[in-house]
Structure formats: structure tokens, C-alpha cells
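Trainee: Take this structure first; my questions come after.
Numbering (our numbering), first residue to last: 509 to 746.
Below, the structure is given as C-alpha cells:
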């Protein structure tokens, strides 16, 4: 069974993305958190991808991010996978990324005995320099929040659609970094994104920083097999 409130959070996330009118998401038909809980969504039977699918996806993501968010965070908490995701509102991205993203997952991994002392010390060192590592200040972007290949869908017209979000207002590079982490997105997607909305200088150097959050999530969801990836990413950040 899903954690209480998980389906409601997903429904709210889909609606929040749809507000931007930038990329398709399935329409929410019905929802219940009573047992058995359920979430009924619009059926999108995948058609053959259109020739310009990757270009459309890149431009659509740029438009979604550009639509923006009122603040870093969100007016309610939600989930990433089955893990709780805190969205405490902040006007400072570095502070939010540490206190609402890295720190909660790091604490969970520590409590489960999955992260050793040296790794925790490296995260403490990262915290001290994080304001200098996150990049130039940008307004909050409207993020999908869990943008790996499995959450990209092809709709019945062969166009891109997004499912299973973990939404919040954040730095747009974190969506893009997660897309690179597990594959499934062609380089034309990233090129089309950059054509529509160029990234700030040094974005390539920040990929590892913004992959730390999904990597910690995977440590807590799937166990210690991902700890090595966390350590390698940390080496590029500190």
C-alpha cells in the first residue's frame, strides 16, 4: 500500500504542472486515500514518437521551468518515490537545497547505517561551501522533481508527456541533472532546452552537485549499492 497522502500529493503535482500549459500530463479523474487507496488518471495510449519528439521535449521543459514557482519549495509536502519530501518554503536556494533536500536524506541514510563517517564529513564540508557551488541566483523554476526516463511518457499523438512527479519550486538544473543520471534522454533534448533557455555558465560543473539528491534518495530506497555513486559525486563537489 502507498504511504498515506501519496496519491493526493501526486494528483496535486500533476495539476500543478498542468497549470504551466507547457507539456502534457494525464488528467486526474478520481482519487481516494481510503483503503484501498487509488488514483485514476486519463489513459494515454502511446503512439509512435514524432520525428521532432526530442526537440519538443527540450523546448517544453524550458517552458515549464520558465513558468516559475512562487518560491523555492511548495505550499505542501509530497513524496519522491515512497519517501517523504519536505518542501518548506524558502527564498534562498542553497539553504533550501541543504535543509529540505540533502540533509533529510543524509539523516535517513545515517539512521539506517548506510552512510559512513567519512561520507557524512564530506557532506558537512559541502554544506560550508554550498552557497558558492549552486550557481548564479535564478528565480524558482517549476520542477517535475523526479525526472528520470521512466517518468517520460509518449502520448496518443506521439508527443512527450510527464507522469509521477515530485514537484516543487527549485533550480532548473536539478531536473536536467537527474535526466542525465539514469539515461533515457538524447542529447538533442538538452540542446533544444539550451536553445530555448540557455543555462548559466558552469552548469556542466554543477551536474554532480544536483545529482546528489536523487542518488541519496536511491540509497534510501534501494540500499547501499548507490553509496559509491554518492561518494564519486561528492568528489566533484567539494
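Don't be surprised by glycine CBs; every beta carbon is placed ideally from N, CA and C. Here the structure is a predicted model, which means the values were calculated and not measured.
Quick check: what's the CA-CA separation for residue 595 versus residue 532?
Mentor: The straight-line gap from Cα to Cα measures roughly 24 Å.
Trainee: How should residue 604 be labelled, buried or exposed, when 16 other C-beta atoms within 10 angstroms of its C-beta is the threshold for buried?
Mentor: Buried, because 16 or more other Cβ atoms sit within 10 Å of the Cβ of residue 604.
Trainee: Comparing alpha-carbon positions, which option in 633, 617, 526 and 543 lies nearest residue 514?
Mentor: Of the candidates 633, 617, 526 and 543, the one whose C-alpha sits nearest the C-alpha of residue 514 is 543.
Trainee: Roughly how far, in whole angstroms, is the beta-carbon of residue 517 from the beta-carbon of residue 587, given that I think they are within contact range, below 8 Å?
Mentor: Right, the Cβ-Cβ distance comes to about 6 Å (below 8 Å), so this counts as a contact.
Trainee: In chain order, which alpha helix (DSSP H) runs of at least 4 residues are fully inside the region 612-661?
Mentor: If we require 4 residues or more, the alpha helix (DSSP H) runs fully inside the region 612-661 come out as 625-641.
Trainee: Alpha carbon to alpha carbon, how far is residue 711 from residue 643?
Mentor: Cα to Cα, residue 711 sits roughly 8 Å from residue 643.
Trainee: Could you give the C-beta distance for residue 610 and residue 676, rounded to a whole number, given that I count them as a contact under 8 Å?
Mentor: Not a contact, Cβ separation roughly 14 Å.
Trainee: Do you know offhand how far residue 565's Cα is from residue 638's?
Mentor: Those two C-alpha atoms are separated by around 30 Å.
Trainee: Based on Cα-Cα distance, which residue from 573, 524, 615 and 600 lies nearest to residue 591?
Mentor: It is 615 whose Cα lies nearest to the Cα of residue 591.
Trainee: Is the region 548-565 touching the region 682-702, taking contact as three or more C-beta pairs under 8 Å?
Mentor: Yes, since at least three Cβ pairs between the region 548-565 and the region 682-702 fall closer than 8 Å, the two stretches touch.
Trainee: Fully enclosed by the region 660-711, which alpha helix (DSSP H) runs are 4 residues long or longer?
Mentor: 680-689 and 695-704, all fully within the region 660-711.
Trainee: Using CA coordinates, which residue listed in 555, 689 and 530 is at the minimum distance from residue 662?
Mentor: For residue 662, the nearest C-alpha among the options comes from 555.
Trainee: Can you list, in chain order, the residues of its chain with a C-beta nearer than 6 Å to that of residue 671? Leave out the 5 residues immediately preceding and following it.
Mentor: For residue 671, where only same-chain residues beyond five positions count, the Cβ hits under 6 Å are 659 and 661.
Trainee: For residue 581, does the three-state DSSP call read helix, strand or coil?
Mentor: Strand, per DSSP.
Trainee: Apply the 10 Å Cβ neighbour rule to residue 577 and answer buried if 16 or more other Cβ atoms are within range, or exposed otherwise.
Mentor: Classification for residue 577: buried.
Trainee: Measure from the C-beta of residue 550 to each C-beta in chain B and report whether the shortest distance is under 8 Å.
Mentor: Annotation note: the requested chain B is absent from the structure, which comprises a single protein chain.
Trainee: I need the boundaries of the alpha helix (DSSP H) containing residue 519, first residue and last residue.
Mentor: That run of the alpha helix (DSSP H) goes 514-526.
Trainee: For residue 734, which of 623, 694 and 521 has the nearest alpha-carbon?
Mentor: With distances taken between Cα atoms, residue 734 lies closest to 623.
Trainee: Tell me the rounded alpha-carbon separation between residue 607 and residue 593.
Mentor: Rounded to the nearest angstrom, the two C-alpha atoms are 11 Å apart.
Trainee: When burial is assigned at 16 or more other CB atoms within 10 Å of the CB, is residue 681 buried or exposed?
Mentor: Result: buried.
Trainee: Taking DSSP as the reference, what is the three-state secondary structure of residue 568?
Mentor: Residue 568: helix per DSSP, three-state reduction.
Trainee: So, under 8 Å CB-CB, residue 685 and residue 718 are touching, yes? Tell me the CB distance rounded to an integer number of Å.
Mentor: The Cβ separation is near 4 Å, so the contact holds.
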